[in-house]
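Participant:
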Amino acid sequence: MIRPTDLHAEHHAPDSIGIGESQPRLSWRFDQGEPDWKQVACTLEIRWSNGQTSSTSTESPQSRLVRWPFRALRSCERCSVRVRVVGAEKQGPSPWSNWVIIETGILNSNEWKCSLIEPVGDLVPERPIVFHSSFRCKSSVTSARLYASAHGIYDARINGVGVSDQVLAPGWTSYRHRLLYQTYDVTELVKTRDSNLVEVTVAEGWYCGRIGFNGGRKNIYGHSVGLVAQLLIHYIDGTCETYGTESQGWQWSYGPHCSASLYDGEIYDARITVPTADLWQSVRSSPAPKTLTAPDGAPVRRMKELNVTSIIKTPSGKTVLDFGQNFAGWVRVRIHSSTPCEIVLRHAEVLENDELGTRPLRQAQATDTLIIPARKSILWEPKFTFHGFRYVQIDGWPGNVPTSAVTGIAIHTALERTGEFKCSNDLLNKLHQNIVWSMRSNFLSIPTDCPQRDERLGWTGDINVFADTANYLFDTAGMLTSWLKDVAAEQTQSQGVVALTVPNVMPGLDSEPHAIWGDVAVMLPWAMYTAFGDRELLARHHDSMTAWIQCITRRSNGLWDYTSDWKLGDWLDPQSPPDDPGDSTTDPVLVSDAFLVHVHQLMGQVCEALRLDDESSRWRAECARLQQAFHEEYITPAGRLAADTQTAYALALCFSLHDTPQQVDKAAERLDYLVRRRSRFRIATGFAGTPYLGHAMTKCGLSNIFYRMLLNRDCPSWLYPVTMGATTMWERWDSMLPSGQGNPGEMTSFNHYALGSVGSWMHRNIIGLSPLEPGWSKFAVQPIPGGGLDWAEGSYLSAYGTCRVRWEIRRARTFWMRVEIPPNTTAEVTLPGRNLGETLGSGCHEREGVYVPPAWPPRAIYARFANRDDGLDAI
């Protein structure tokens, strides 16, 4: 029998505490059960903290983001909720789901009963501050909650024990507008009728530490670290007490952390002990920030441990540890030394000339130092920095370094993994793993560009082109909901212009709009609506979308009118020179105009989803006018593009910018020619064209040609980095040259997810999974075999349950497929070569049919007397 599972509030995990909504929406999935099952009604029951219960029943098929049916919750209120459902056959209600806890945080700024405290006195730059205080409980404690945030990065401990497994709290947001606070259950840490010690170490972090390239800037949000903390204790007699940060009762001093910088690393001196009473200094207080807000999603956590795979002795005699995987995080060290020692850990992504390759880090030192006295055993890891690396050079270790003594700690926002992919080609599997690892490394509080050099910023264009891939691989709903709030908040300071990076830490770069990067204000909310079905997110960002489009400077025909010569365009086109990544072969204004038409298309759909029919009609009319202007500017009567490039044709075909089917056919024919003749199946797109090339070719019946591109191993291609030993996606197609040397460009990262946007094509076409209705209530299963693949399988954990596909080519010309469809959904299942699909309900289904594979491999086009090296050894 069907049973609801995974009941949760908003985009939080089950049993989350510190939720920021008084009426949180509820969602649940279903365990796999009866075939063709559809929900027609549900009953929600709540158990209040006093033990009383109430329930409400509704006739509704909704199981995703269902409106809260009870009274509004108060701040710091705890309750439990469960659900049961009724199917269309009216066979009676299902069993109840498990009870899940829902607990709110502090919902109103006037309910903070504490202050922001800051250190008084002359401070050592980059040295973390330790704030401390003590309190005593009057009787037995039934529950204790710590609500905390900081100007900086903080680590809180009660009676010497950490309050959580979160790291880098409170995370990075647009601090001028939003400062996240965290809620911790510290009931087990508090002593009854005894003194309790609270210690909170705060480092500069993003708040006042160095951020940005070319030397960066410090003190962007303020000049001092600070702490705001409120402890709410409930006693067995029903009373409660609140302790908070104030100028009285709190002091500060330095601890063993001598230095901490996000870019440069951490210095920890284990010889330094707890300060004596005469070294503690006073603090000053000010009102708690009005910008304090509860998180929308998961925090950053330690997510995976990696062992050393080999120890390398470099030509200069250095010891370098190889973890076999590029990742974001740090290393944990376990050591016992009979003599004093200073261990220095330097991090890098690659080796250059068989030595640690630190040149790509630019001005990030990425170095951690551990100082320990004699005869001391220590287990240590950094707390206030992170690095992007695979290799660690270790100096100062007494004797040989045991591989068991050093462990890699991979950190990222604790997103739930939702999408899987596997096929019969090991190189494609490795490519997909690399995409996943780059996403892990760069979804760290915000979506960043890279985790290693003096940058690590929330570039808006990167996540815009990667969103569809990201939303399949992980449940990004909470994290990106939070980040989009910062996008909209930053817009209010720049007349609607979307900053190139959010949070915006590069003043001046928000003064001029840029296509693709700014288009994130429209495209990302729509991508999230498609993936998660959250209509409220569209409504919340409607004004942000409109403000972005209205701030774009236009020519008389409505297309872009750039006021400067600097345009990002098809960023990192493989033909662009190392020192000028924006110098692409595709006209950047054409790229901008294509996206301008596209965001107008999306605005019509957004307003339709919001039932703003009149506004939707206006957007569609303006879109038609812009499409005609684009056609007149860039498309010949036959269908050729003014820019004869893969990117130009990919955008025009994906965004339906041609007028007639004949023009579409001509454009497809030309794209086929460019791929087979001019590039010989090598990629020739940058950030703008890469996400759309495969989709455009599939739309035009050229999937087999794109398979050949996808499987190409020559540079530039997706598999070239794989053959060069890459374990993540690269920023450039040739971040490492065939010689093994790093690209000479100053901007060379080996952990950038943007070019991994091809993952979307792999999911939608190799596996065949894609949503047909927002939130995957109806989805397509339409795999397109090719590339010599014998089988493929994958799954997506939707809001309803797991959508799963496996297909195989059997007996050469038989295609077999098994599909699992979760309850309360339907799927449109189409076998290869069929024009019409079959609508199926929940359950496990098997289908097979005759399969006629296309000729493989497709051939390049050569001039009559040219050397016909078809590169078959490169696939």
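In this note's numbering, the protein residues as written are 1468 to 2342. C-beta atoms are modelled at their ideal positions from N, C-alpha and C, and glycine is treated no differently.
Rank S2051, R1677, R2022, R1857 by C-alpha distance to the C-alpha of D2060 and give the top, closest one.
Facilitator: In the sequence shown, residue 2060 corresponds to position 593, counting from 1. The shortest Cα separation from D2060 among S2051, R1677, R2022, R1857 belongs to R2022.
Participant: Counting only the same chain and skipping the five closest in sequence on each side, list residues whose C-beta sits under 7 Å from that of H1478.
Facilitator: Here residue 1478 is taken as the residue at index 11 of the sequence shown, counted from 1. Same-chain partners within the cutoff: D1763, G1764, A1944, G1945, T1948.
Participant: What number of angstroms, rounded off, separates the C-alpha of I2343 from the C-alpha of K1897?
Facilitator: What is shown of the chain runs 1468 to 2342, which leaves residue 2343 out entirely.
Participant: Assuming P1970 and E1957 make a contact with CB atoms under 8 Å, what is their CB distance in whole Å?
Facilitator: Mapped onto the sequence shown, residue 1970 falls at position 503. Mapped onto the sequence shown, residue 1957 falls at position 490. Indeed, because the Cβ distance is near 7 Å, the residues count as touching under 8 Å.
Participant: Could you tell me whether the stretch 1804 to 1811 touches the stretch 1709 to 1719, using the rule of 3 or more Cβ pairs below 8 Å?
Facilitator: Not touching, per the Cβ criterion.
Participant: Between the alpha carbons of V1657 and S1542, how many angstroms are there, rounded?
Facilitator: Here residue 1657 corresponds to residue number 190 of the sequence shown, with the count starting at 1. Here residue 1542 corresponds to residue number 75 of the sequence shown, with the count starting at 1. Rounded to whole angstroms, V1657 to S1542 spans 22 Å at the Cα level.
Participant: Helix, strand or coil for V1969? Go by DSSP, reduced to three states.
Facilitator: Position 502 of the sequence shown, counted from the first residue, corresponds to residue 1969. It is coil, neither helix nor strand.
Participant: Out of curiosity, what's the CA-to-CA distance linking R2149 and G2223?
Facilitator: Counted from its first residue, the sequence shown places residue 2149 at position 682. Counted from its first residue, the sequence shown places residue 2223 at position 756. Roughly 16 Å separates the two Cα atoms.
Participant: How about the stretch 1605 to 1616 and the stretch 1693 to 1702: do they share at least three Cβ pairs that are nearer than 8 Å?
Facilitator: Contact holds: three or more Cβ-Cβ distances are below 8 Å.
Participant: Measure the alpha-carbon distance for L2419 versus V1859 and round it to whole angstroms.
Facilitator: In this structure the chain extends from 1468 to 2342, so residue 2419 is not present and cannot be described.
Participant: Look at G1925 and T1915 and say whether their C-beta atoms are less than 8 Å apart.
Facilitator: To locate residue 1925, count along the sequence shown from 1; it is residue 458. To locate residue 1915, count along the sequence shown from 1; it is residue 448. In this structure, T1915 lies closer than 8 Å to G1925 by Cβ.
Participant: Output the distance between the C-alpha atoms of W2086 and R2092, rounded to the nearest integer angstrom.
Facilitator: Counting from 1 along the sequence shown, the entry for residue 2086 is found at position 619. Counting from 1 along the sequence shown, the entry for residue 2092 is found at position 625. The straight-line gap from Cα to Cα measures roughly 10 Å.
Participant: Is the beta carbon of L2160 less than 8 Å from the beta carbon of A2117?
Facilitator: For the purposes of this step, residue 2160 is identified with residue 693 of the sequence shown, where counting begins at 1. For the purposes of this step, residue 2117 is identified with residue 650 of the sequence shown, where counting begins at 1. Taking 8 Å as the Cβ cut-off, L2160 and A2117 qualify as a contacting pair.
Participant: What residue range does the alpha helix (DSSP H) around K1685 cover?
Facilitator: On the sequence shown, residue 1685 is found 218 positions in, with the first residue counted as 1. K1685 -> no alpha helix (DSSP H), and no H or E assigned at all.
Participant: F1537 to V1553, Cα distance in whole Å?
Facilitator: Looking up residue 1537 in the sequence shown gives position 70. Looking up residue 1553 in the sequence shown gives position 86. About 20 Å.
Participant: Compare the C-beta of V1800 against all C-beta atoms of chain C and say whether one is closer than 8 Å.
Facilitator: Absent from the structure: chain C. Only one protein chain is present.
Participant: Here's a check: name, in chain order, each residue in its chain whose Cβ is nearer than 6 Å to the Cβ of K1850, leaving out the five neighbours to either side.
Facilitator: In the sequence shown, residue 1850 corresponds to position 383, counting from 1. The answer, listed in chain order, is D1622.
Participant: Pick out whichever of D1745, S1516, V1550 has its Cα sitting closest to the Cα of A1508.
Facilitator: As a first step, residue 1508 must be located in the sequence shown, where it is residue number 41. Minimum Cα distance to A1508 is reached at V1550.
Participant: Could you check which residue in D2126, G2316, C1890, Y2329 has the C-alpha nearest to that of L2178?
Facilitator: Position 711 of the sequence shown, counted from the start, is the residue given in the question as residue 2178. Out of D2126, G2316, C1890, Y2329, C1890 has the C-alpha closest to the C-alpha of L2178.
Participant: Using only the alpha-carbon positions, how far apart do V1873 and Q1792 sit?
Facilitator: Position 406 of the sequence shown, counted from the start, is the residue given in the question as residue 1873. Position 325 of the sequence shown, counted from the start, is the residue given in the question as residue 1792. Approximately 15 Å between the Cα atoms of the pair.
Participant: Grouping DSSP H, G and I as helix and E and B as strand, with all else coil, what is R2326?
Facilitator: Here residue 2326 is taken as the residue at index 859 of the sequence shown, counted from 1. In this structure, R2326 counts as coil in the three-state DSSP scheme.
Participant: If you follow the beta strand (DSSP E) that P1754 is in, where does it begin and where does it stop?
Facilitator: Sequence index remark: in the sequence shown, residue 1754 carries index 287 (1-based). Element bounds for P1754: 1748 to 1754.
Participant: Which residues in the same chain as C1581 place their Cβ atom closer than 7 Å to its Cβ, once the five residues preceding and following it in sequence are excluded?
Facilitator: Position 114 of the sequence shown, counting from 1, holds the residue named residue 1581. If we look at C1581 and ignore the five residues flanking it on each side, its Cβ neighbours are V1695, A1696, Q1697, G1711, T1712, E1713, A1755.
Participant: Could you tell me the distance, in whole angstroms, from the CA atom of C2018 to the CA atom of G2000?
Facilitator: In the sequence shown, counting from the first residue as 1, residue 2018 sits at position 551. In the sequence shown, counting from the first residue as 1, residue 2000 sits at position 533. The straight-line gap from Cα to Cα measures roughly 28 Å.
Participant: Measure from the alpha carbon of F1853 to the alpha carbon of each residue in S1804, M1990, A1670, then state which is nearest.
Facilitator: Along the sequence shown, one-based indexing puts residue 1853 at 386. Considering only alpha carbons, the answer is A1670.
Participant: Ordered along the chain, which non-local residues of its own chain (more than five positions away) have a Cβ less than 6 Å from that of V1653?
Facilitator: Taking the first residue of the sequence shown as position 1, residue 1653 is located at position 186. For V1653, where only same-chain residues beyond five positions count, the Cβ hits under 6 Å are A1611, L1613, I1625, V1630.
Participant: Quick check on C2167: does DSSP put it in helix, strand or coil?
Facilitator: Taking the sequence shown and counting its residues from 1, the one referred to as residue 2167 is at position 700. DSSP places C2167 in coil when its eight states are reduced to three.
Participant: By the 10 Å Cβ neighbour count, where 16 or more other Cβ atoms means buried, how is S1844 classified, buried or exposed?
Facilitator: The residue you call residue 1844 lines up with position 377 of the sequence shown. Per the 10 Å Cβ criterion, exposed.
Participant: Check whether the stretch 2032 to 2051 and the stretch 2209 to 2217 are in contact - that is, three or more C-beta pairs closer than 8 Å.
Facilitator: Yes, the stretch 2032 to 2051 is in contact with the stretch 2209 to 2217.
Participant: Taking all protein chains shown into account, do 16 or more other C-beta atoms lie within 10 angstroms of the C-beta of T2112, making it buried, or fewer, making it exposed?
Facilitator: Numbered from its first residue, the sequence shown carries residue 2112 at position 645. It counts as buried.
Participant: Ordered along the chain, which non-local residues of its own chain (more than five positions away) have a Cβ less than 6 Å from that of E1887?
Facilitator: Counted from its first residue, the sequence shown places residue 1887 at position 420. The residues are G2261, S2262.
Participant: Residues in the same chain with beta-carbon distance under 6 Å from A1998, minus the five sequence neighbours each way, listed in chain order, please.
Facilitator: Along the sequence shown, read from residue 1 onward, the residue named residue 1998 stands at position 531. So the qualifying residues of the chain are N1938.
Participant: Just list the residues that DSSP pairs Q1860 with in beta bridges.
Facilitator: Here the question's residue 1860 lines up with position 393 in the sequence shown. Paired residue(s): V1787, R1813.
Participant: Would C2311 be called buried (16 or more neighbouring beta carbons within 10 Å of its own) or exposed?
Facilitator: Working through the sequence shown from its first residue, we reach residue 2311 at position 844. Classification for C2311: exposed.
Participant: Quick one: residues in its chain with C-beta nearer than 8 Å to the C-beta of R1684, no 5 flanking neighbours on either side, listed in chain order?
Facilitator: Position 217 of the sequence shown, counting from 1, holds the residue named residue 1684. If we look at R1684 and ignore the five residues flanking it on each side, its Cβ neighbours are R1677, I1678, V1972.
Participant: So does the stretch 1737 to 1747 actually touch the stretch 1767 to 1774, counting three or more Cβ pairs closer than 8 Å?
Facilitator: No, because fewer than three Cβ pairs between the stretch 1737 to 1747 and the stretch 1767 to 1774 fall closer than 8 Å, the two stretches do not touch.
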